[in-house]
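Undergrad: Before we start, here is the structure in question, set down as structure tokens.
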Amino acid sequence: MMGKACVVGLYAMVDLVIEPNPLVMMDLAEMLKFEDEHAVVIAESNARAALALVSSVDSIKLALVAAAPADFEKSALAQVIRQKGGKVVLMGAEAEALGEAMGYSVLHRPFSQSQVLAMLGEWRKQRQGTKNAELR
């Protein structure tokens, strides 16, 4: 799902991509769909547009966000993603320099499709393990 062309309120759980470069944004959204063919992906070029869309969903699984950690930390988008249970992965130069020290997962550039898919697979395994432990 790209931009405002789809009605997001119909979906209980989504993945989110926020990336100003449209080609990178589309590649990441396609990788999320490739890794999980049932994924509903919201892809936007900026946080404001994404915030308007994710406010109406029940849950966010994963958010790949191009943002500086300090800016993201104090944003309304960060608050909504946390409230909706989303895992945040930051991208960009400042994220690479400071993100991990601030407790964020970081997708380092340049990245390949295989690196992104491996990261997604590992994260989803960890998430499934946590869900299974909660059921016991």
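First residue of the sequence shown: 93, per the numbering used here; consecutive thereafter.
The beta-carbon is built from N, C-alpha and C at its ideal position, and this holds for glycine as well.
Since the model is a prediction, treat every value here as computed from it, not as a measurement.
(1) Just checking my contact of Glu186 with Ala168 at CB under 8 Å: how many whole Å lie between their CB atoms?
(2) Does DSSP classify Lys153 as helix, strand or coil?
(3) With Leu145 as the anchor, note down where its beta strand (DSSP E) starts and where it stops.
(4) Using only alpha-carbon positions, find the residue among Asp119, Val149, Val106 that is nearest to Pro202.
(5) The beta strand (DSSP E) that contains Asp107, what's its start and end?
(6) Under three-state DSSP, which class holds Lys125?
TA: Quick answer:
(1) The pair is not a contact, with the Cβ atoms about 19 Å apart (cut-off 8 Å).
(2) strand
(3) Counted as a single uninterrupted DSSP element, the stretch harbouring Leu145 is not any beta strand (DSSP E) but the alpha helix (DSSP H) occupying residues 139-146.
(4) Asp119
(5) 105-110
(6) helix
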